[in-house]
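Trainee:
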Amino acid sequence: MNIQALITECIKNKRSAQQQLYNAYADTMLTVCYRYTRNIHDAEDVLQIGFVKVFKNIAQFNNQGELGAWIRRIMVNSSLDYIKKHSRYNKELVFEEINLHQVSTDNPDVKLLAQDIIELIRELPFGYQTIFNLIGVEGYSHAEAAQMLNISEQTSRSQYSRARASLIKQIQQRSSKPENFKNYV
Amino acid sequence: MSNQFEKDIQDIIGNHKMHASPDLWQQIEPQLPEEKKRRKAIIWWAFAASLLTGSCLIYHYQNNHKAERSEDLVAHTTKAINENENITGETNLLPRKEDLTKNNNRSNQPFTEVEQKNKGNTAPFKTRQNKTASTGNITIPTSPNNQIQLTAPTHQTELFTHAKTNSLVNDQTDKLLYASNTGTDGNISNNIKANNTETILNRHPDSTTNTTGILLEDMQPENLGSTLTGIIQHDTLLALHTDSGSSKKEDIQKISKKGKWQVYASAGASNTNKLLSLITHSASPQYLDNSSTIPNNSGSYNGTYSYGRVNKPITSLSLQLAVQRKFIIGRHFEWYVGTQMSYLSNLQERGTTKDTSFTSGEKSVNTIYRGGNIVKEKNHNINIGLLLGINYLINPKGKHPFYLNGGLMPVYSISQKQIHVSNTASFLFYNNNLNNRFNLAADAGINWQFSKKSALGIQGQLFMLSNTKKSDNTVMSNKWKSLQIKYTYTL
């Protein structure tokens, strides 16, 4: 079944088509949710919420762009909603208003496995983790990220700069000692 | 951001995959809107239920008119029936000892006296003296060795005419109940059942009512709760019951994240005599309370009279609408609160019967006439009730979930002006391995109803979940089949 036919069937709420779509994207989207949360259970909760939104709103997908990217945006928004809603997350989601920090232009070689990098991102302070996910991984602009997190664009820039520097430092440290990496899966 | 660092990060983790829990889809599925096709299914079910209900109403209406005519004919017999008795109290409908004594005493009186007493008001039963007096004039063709030789229908008509002429049967005897011929000369050896043939169940009047049977149920968890139920019981030939509503049957197997409303609507209909509808109750608590043998006079025949009472539902119609709300509290508890309204209508045959049996020749022919005074009665019952229930779920997301259920349902019968309270307790255990083609579940429980007459029920159910899989091994759909064994004991 091609993607357009699959979408059409999903709009009709055909369970088999919905499950096919879920099977195609669930594992990738779980990684997205996992990067924004603290544990796999919360990530699965977000994934569940996200897919319900996907299927309820799939009629609004107008075929402009890739379906995977559209689903990913829903997962990111669902993740942000989740962490804003739950106190164990929103207490940590603090963005200090600080002066503009010069964004580091360091571009170190990244020779780590995906899971290791994901774990390093998740080890960042929660604010850093969130802003780096939005800008560094998802590719949102500072303006978009600022709007999503209800912060100023300046704060977004400074937070991202610090998050990036912190992550690079971690990667460089860990790259020199690969034995420090655990198998997190 | 278009720095190389960000690009590398995106390349490495952009399409990284983690493995989602296998049962995650099962948690998502109940939260999704229903397929539009399902709505069509509901419409079809509703249409079928309406058709069934409409047919039964028409039949019900027709029977009601017949009943009124019948009441005119046998108005005098209504005195023999305690009209204030509770229609559901089956033993109340059976003859009381004082009635039987009365009948026996009457049978010892000369018929002429009774007839005089009831002049203009035909007595329901003829007396023994009258029977004896009228014997002896029937001519039955016999073979050289005194065996019946003519065809059975002719002979039956002849016997019947003779019986009427000689007042062996009363005016209400208008049908031949059962006739059998067991000729010994080789010419006749058959059993003939006339149009109104019935199987008479002899049951002691003080016996309790027990029902036991097997219920086959086809539940489709992924749709809106349409079920098709067939019931086979030892005193029920066939029953068909339909349910449709917006509830989802898979609620019995998993917790949904949000509480929700559930609506059940059901309609059932029954018929005893004709195959118009699909439920047959043949309770017929009938027994023989008196008999006498007519002397074999002139070698013609022997006669036996039998008296009894009939309480037999002919048609019944039930409609039910229930609304309930489920609340999820924590991980392990589900609460149900709801209300229901139901309507039950019965058309019943009630009254006394008299069977007149003739035996002619040497075991040659045995003919039974059904007479008596049977009244068709119509009853309506409207109930309103509340429903309170709780499910305790052990290991709900595991492979072997275990459910404990308890429920309480007080129902007020507007017609009977009394409250019935029923409570249930049951448990459900099942295997939830989606990799299996079939999974099994078992359910067992008891229910107890308090009212004028209490009832204790025990039931067990065996479910089978069949999974349909696609070529890539993902589960497409699943369906539940169940086999239910029920036993209800009325105290």
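As you go down the protein sequences, you meet chains A and B in turn.
Count the first sequence with the UniProt record's numbering and you get residues 1 to 185, in order.
Count the second sequence with the UniProt record's numbering and you get residues 1 to 491, in order.
A virtual CB, placed ideally from N, CA and C, is assigned to each residue, including glycine.
#1: Where does residue 7(B) sit, in a helix, a strand or coil, going by DSSP?
#2: Helix, strand or coil: which one does DSSP assign to residue 15(B)?
#3: For residue 28(A), go through chain B and note every residue whose CB falls closer than 8 Å to its CB, in chain order.
#4: Are the region 3-18 of chain B and the region 143-157 of chain A touching by the rule of at least three beta carbon pairs closer than 8 Å?
#5: If we cut at 8 Å on Cβ distances, does residue 329(B) have a partner in chain A?
#6: Hey, is residue 26(B)'s beta-carbon within less than 8 Å of any beta-carbon in chain A?
#7: Contact check, residue 48(A) vs residue 24(B) under 8 Å by CB: the rounded distance?
#8: Assuming residue 132(A) is part of the beta strand (DSSP E), what are its boundary residues?
#9: When you compare only the Cα positions, how much space is there between residue 448(B) and residue 25(A)?
#10: So which residues on chain B does residue 34(A) lean against when the C-beta distance must stay under 9 Å?
#11: Taking Cβ-Cβ distances shorter than 8 Å, what residues in chain A pair up with residue 22(B)?
#12: Find the residues of chain B that neighbour residue 73(A), judging by a C-beta separation of less than 8 Å, and give them in chain order.
#13: Quick check: the region 3-16 of chain A against the region 69-87 of chain A, are there 3 or more CB pairs under 8 Å?
#14: Should residue 400(B) go down as buried or exposed, given a rule of 16 or more other Cβ atoms within 10 Å for buried?
#15: Name the chain A residues whose beta carbon is nearer than 7 Å to that of residue 33(B)?
#16: Between which two residues does the beta strand (DSSP E) containing residue 140(A) stretch?
#17: Note down, in chain order, each residue of its chain lying with its Cβ closer than 6 Å to the Cβ of residue 407(B), except the 5 sequence neighbours on either side.
#18: Are the beta-carbon atoms of residue 403(B) and residue 428(B) separated by less than 8 Å?
#19: For residue 136(A) and residue 10(B), what's the separation of their Cα atoms in angstroms?
#20: Answer yes if the region 76-94 of chain A comes into contact with the region 6-13 of chain A, meaning at least three C-beta pairs across the two stretches below 8 Å, and no otherwise.
#21: In this structure, how does DSSP classify residue 167(A) when only helix, strand and coil are distinguished?
#22: Mind checking if residue 76(A) is an interface residue toward chain B, Cβ cutoff 8 Å exclusive?
#23: Please classify residue 346(B): is it buried, with 16 or more other beta-carbons within 10 angstroms of its beta-carbon, or exposed?
#24: Indicate whether residue 124(A) and residue 174(A) have their beta-carbon atoms separated by less than 8 Å.
#25: Output needed for residue 341(B): all residues of its chain with C-beta closer than 6 Å, excluding positions within five of it in sequence on either side, in chain order.
#26: Give the range of the beta strand (DSSP E) segment to which residue 406(B) is assigned.
#27: Can you grab the Cα-Cα spacing for the pair residue 131(A) / residue 67(A), in whole Å?
#28: Run through chain B and tell me which residues come within less than 8 Å of residue 51(A), C-beta to C-beta.
#29: Does the Cβ-Cβ distance between residue 71(A) and residue 54(A) come in under 8 Å?
#30: When burial is assigned at 16 or more other CB atoms within 10 Å of the CB, is residue 164(A) buried or exposed?
#31: What is the rounded straight-line gap between the Cα of residue 61(A) and the Cα of residue 29(A)?
#32: List the endpoints of the continuous alpha helix (DSSP H) containing residue 120(A).
#33: If you drop the 5 nearest sequence neighbours on each side, which residues of the same chain put their C-beta closer than 6 Å to that of residue 156(A)?
#34: Once you ignore the five residues that flank residue 23(A) on each side, which residues in its own chain have a CB closer than 8 Å to its CB?
#35: Starting from the beta carbon of residue 31(A), find every residue of chain B whose beta carbon is closer than 8 Å, and list them in chain order.
#36: Could you check whether the Cβ of residue 123(A) sits closer than 8 Å to any Cβ belonging to chain B?
Mentor: Considering the structure as presented:
#1: Within the second sequence, the letter at position 7 stands for residue 7(B). Three-state DSSP puts residue 7(B) in a helix.
#2: If you number the second sequence from 1, residue 15(B) lands on position 15. If DSSP states are grouped into helix, strand and coil, residue 15(B) belongs with coil.
#3: Counted from its first residue, the first sequence places residue 28(A) at position 28. Residues of chain B passing the Cβ test: 15, 16, 17.
#4: no
#5: Against the second sequence, residue 329(B) aligns to sequence position 329. Cβ-Cβ to chain A under 8 Å: no for residue 329(B).
#6: What you label residue 26(B) is simply residue 26 of the second sequence in a count that begins at 1. Not an interface residue.
#7: To locate residue 48(A), count along the first sequence from 1; it is residue 48. To locate residue 24(B), count along the second sequence from 1; it is residue 24. Indeed, because the Cβ distance is near 6 Å, the residues count as touching under 8 Å.
#8: On the first sequence, position 132 is the one that residue 132(A) refers to. Boundaries cannot be given for residue 132(A), as no beta strand (DSSP E) includes it and DSSP labels it neither H nor E.
#9: Position 448 of the second sequence, counted from the start, is the residue given in the question as residue 448(B). Position 25 of the first sequence, counted from the start, is the residue given in the question as residue 25(A). Spanning the two alpha carbons is a distance of roughly 50 Å.
#10: The residue labelled residue 34(A) in the question sits at position 34 within the first sequence. Neighbours of residue 34(A) on chain B, chain order: 18.
#11: Counting from 1 along the second sequence, the entry for residue 22(B) is found at position 22. Result: empty, since nearest Cβ-Cβ is about 10 Å, beyond 8 Å.
#12: For the purposes of this step, residue 73(A) is identified with residue 73 of the first sequence, where counting begins at 1. Residues of chain B passing the Cβ test: none, with the nearest at roughly 14 Å.
#13: no
#14: For this step, residue 400(B) is matched to residue 400 along the second sequence. The residue in question, residue 400(B), is exposed, as its Cβ has fewer than 16 Cβ neighbours within 10 Å.
#15: By one-based count along the second sequence, residue 33(B) stands at place 33. Result: 13, 56.
#16: Within the first sequence, residue 140(A) is the residue found at index 140, counting from 1. Neither: residue 140(A) is in no beta strand (DSSP E) and is coded neither H nor E.
#17: Sequence index remark: in the second sequence, residue 407(B) carries index 407 (1-based). Hits under 6 Å: 389, 424.
#18: Stepping through the second sequence from its first residue, residue 403(B) is reached at position 403. Stepping through the second sequence from its first residue, residue 428(B) is reached at position 428. Yes, the Cβ-Cβ distance between residue 403(B) and residue 428(B) is below 8 Å.
#19: Taking the first residue of the first sequence as 1, we reach residue 136(A) at position 136. Taking the first residue of the second sequence as 1, we reach residue 10(B) at position 10. Computed Cα separation, rounded: 8 Å.
#20: no
#21: Numbered from 1 along the first sequence, position 167 holds the residue referred to as residue 167(A). Residue 167(A): helix per DSSP, three-state reduction.
#22: Counting from one through the first sequence, the residue named residue 76(A) turns up at place 76. For residue 76(A), the answer is no, since every Cβ of chain B falls outside 8 Å of its Cβ.
#23: For the purposes of this step, residue 346(B) is identified with residue 346 of the second sequence, where counting begins at 1. When all chains shown are included, residue 346(B) counts as buried.
#24: The sequence position of residue 124(A) within the first sequence is 124, counting from 1. The sequence position of residue 174(A) within the first sequence is 174, counting from 1. No. Outside cutoff.
#25: Your numbering for residue 341(B) matches position 341 in the second sequence. The residues are 321, 384.
#26: To locate residue 406(B), count along the second sequence from 1; it is residue 406. Here the beta strand (DSSP E) through residue 406(B) covers 402-413.
#27: Along the first sequence, one-based indexing puts residue 131(A) at 131. Along the first sequence, one-based indexing puts residue 67(A) at 67. Roughly 24 Å separates the two Cα atoms.
#28: Here residue 51(A) refers to the residue found at position 51 of the first sequence. Ordered by position in chain B, the residues that pass the 8 Å Cβ test against residue 51(A) are 28.
#29: For the purposes of this step, residue 71(A) is taken as the residue at position 71 of the first sequence. For the purposes of this step, residue 54(A) is taken as the residue at position 54 of the first sequence. Cβ atoms of residue 71(A) and residue 54(A): closer than 8 Å.
#30: The count along the first sequence starts at 1 and reaches residue 164(A) at position 164. By the neighbour-count rule (16 or more Cβ atoms within 10 Å), residue 164(A) is buried.
#31: Residue mapping note: residue 61(A) aligns to position 61 of the first sequence, counting from 1. Residue mapping note: residue 29(A) aligns to position 29 of the first sequence, counting from 1. So the alpha carbons of these two residues sit roughly 17 Å apart.
#32: Within the first sequence, the letter at position 120 stands for residue 120(A). Residues 114-123.
#33: Translated into positions along the first sequence, residue 156(A) becomes position 156. So the qualifying residues of the chain are 142, 145, 146.
#34: For the purposes of this step, residue 23(A) is taken as residue 23 along the first sequence, with counting starting at 1. No residues qualify anywhere along the chain.
#35: Counting from 1 along the first sequence, the entry for residue 31(A) is found at position 31. Within 8 Å Cβ-Cβ: 13, 16, 17, 18.
#36: Walking along the first sequence from the start, residue 123(A) turns up at place 123. Residue 123(A) does not count as touching chain B.
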